[in-house]
Structure formats: structure tokens, C-alpha cells
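Asker:
In the working numbering, the protein residues as written are 4 to 334.
1) If we count the other Cβ atoms within 10 Å of its Cβ and call it buried at 16 or more, is residue 129 buried or exposed?
2) When you compare each of 67, 290, 81 to residue 5 by their alpha carbons, which one comes out closest?
3) I need the straight-line Cα distance from residue 283 to residue 131, nearest angstrom please.
4) State the beta-bridge partners of residue 145 as determined by DSSP.
5) Give the range of the alpha helix (DSSP H) segment to which residue 290 is assigned.
6) Going by Cα to Cα distance, which pick from 212, 291, 179 is closest to residue 162?
7) How is residue 5 classed by DSSP in three states: helix, strand or coil?
8) Is it true that the stretch 83 to 91 meets the stretch 26 to 41, where meeting means three or more beta-carbon pairs spaced less than 8 Å apart?
9) Would you identify the three-state DSSP class for residue 160, choosing helix, strand or coil?
10) Excluding the 5 residues preceding and the 5 following residue 26 in the sequence, name in chain order all residues of the same chain whose CB lies nearer than 7 Å to its CB.
11) Pick helix, strand or coil for residue 101, following the three-state DSSP scheme.
12) What three-state label does DSSP hand residue 12 in the structure shown?
13) To the nearest angstrom, how far is the alpha carbon of residue 186 from that of residue 125?
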């Protein structure tokens, strides 16, 4: 099958390119040409901005793709380009996001049957893209909603977002600020497992017009996420609780990994015949090792804000403890 991959060289989409090439498909990439091809991959590249996809219509038509995988479609206008350029494609794979479901979704694993109620602008636009494609292309479309992706090329996440400083804080034994002490749930996934589902969806009727959660096999709390990182570094984990009600008061749309985000991959497993192969321990181990190997870990002293936050939290914790102890003693 002739497959056009829009993107194809990033930490995630590079894995997709590797897997689709390995499956024996004839692959061409469309991207800006600013990143090297995945190691060992030799495929043609049509150069262009994602926003200018239609300008490359002739070059794309010369390749005559039978399937398209778009990993950098973020706006409804981008989706409209796909619908206009590939009305006869056998398969159009759109990489969406679990952000389409919303943010604080509760503690029960979310399936694809849940009605999307996105809160963030990112999630809203991803859902808009889904709807544009399903309306225009129908059963030719397969949609994947990844969660927190890990593997080589990715950074681990902190209180604020993905961070080059977290690993250094943990290995130095510095306290890590975490919402409510890290009790929130998350469902990390390895990029290679998503790539496997995508490769299988290209020619599978079971993927016709379907939405799939592209998430890992285990739901873990964020405390465990940090513990795994600490274990891989041979360090002792220290967490300091950040009250969720206070954090939410100041961040109307909070960093996405700080609330319950449990999802189920049962549909992808049953319909596409692939069970995720990477446990949280394996995916975080690979991520941290690659960060260290490639110099992606930065000295946490470059970002002292967490030190200030931790000092304040510990001081208030001590004051509150003294007050409660006085109450217990009948003062």
C-alpha cells in the first residue's frame, strides 16, 4: 500500500514511520525537512508546511497515496485539507488525543463510548478535527486518541508539563511537588504500541470509521509514575502534596497530567488484535535512559521555582501540624 505520512520524523511519528516501513508499505513523508529520518529508514520526503498542504497537491498526487496518516493535524482547517485532498483514500488515520474527553474525568477507565466534553483549546480543536473527517470521509477514517506517550525522544512530566528538570530533581533527592501527593490516575502508553495499532488499522475493516483510545495496559497513580523513575535512578523519592483545590483556583485549565486520566484500550486490543507490550516500568525506563544518554536532562538549579514552592508547602505543613497537635493536646 502506498502510504503518505504527514510528519513522520518526530518522537512519536518516527515510530509510526518505522513500523509502516517494516510492514512492507511504500512510504512517502510530508514535512518541513528539519529533522533527520528515523534511523535505518530511507523514504522520499515532500517538503512543506502543514498549513500549506494543498500547495503540494501535485507532488502528493504523483505519489498517489492509498492511505494517509496525519500526526500533526491540530485545527479544523487542517482536517478540511485532508478531506479535500484525499476523498478517495482507502484509509485516513488521524492522531487525536484523550484531551477530547475533557480533564477531570473521574477514576473509572474511560471507553470510547463516553461523550467527549473537551475543556482545553487543544482538546476542542482535536475533537473538531475528528468531526470534520468523519463527516467528510466516513468509514475511510480511523481515529486514535493517545494518552501520555513515552519512549525514546520524550520527556517525563512534572507538576507543570513535560520537563527536562524532573529527572535531575529526583536523582538529587529533592522533593517533588505533586497534586494531592500524587494520588491522581494516569494511563501512560509507549509510542511503539500506538504505531502497531496504526499499522494494523491501515488495512483492517475493523478500523472503518472507528475511534480508538491509544493508551497503555496499566492505570497508575502519579506517585507510582515518580517511584518508577526514582527506582530507575537508584534514588529515594520524596513527594510534597500540592492541594488540588488551591491549584485549580489559580489554573483554570491545569496541566493535563495533574487530574484523574484513566482510559481503557480494550477496544483497540479486541478490534486490532494487539495488546500493549510495554508496562509503565519498561516505558519509563526507556524514556529516562534515553534522556540521560542524549543529554536531555537539565540541571534543576536552572529552574528554582519548584524549590520555592516546596519550601512554602513544607513550612505550611509544619505550621498546620503544630496547630493540629495543639488541638489534640487540648490547647
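The beta-carbon is built from N, C-alpha and C at its ideal position, and this holds for glycine as well.
Just so it is clear, the structure is predicted and the values come from calculations on it, not from any experiment.
Answerer: Walking through what the data contain:
1) buried
2) 67
3) 31 Å
4) 96, 213
5) 283 to 296
6) 179
7) strand
8) no
9) strand
10) 202
11) helix
12) coil
13) 25 Å
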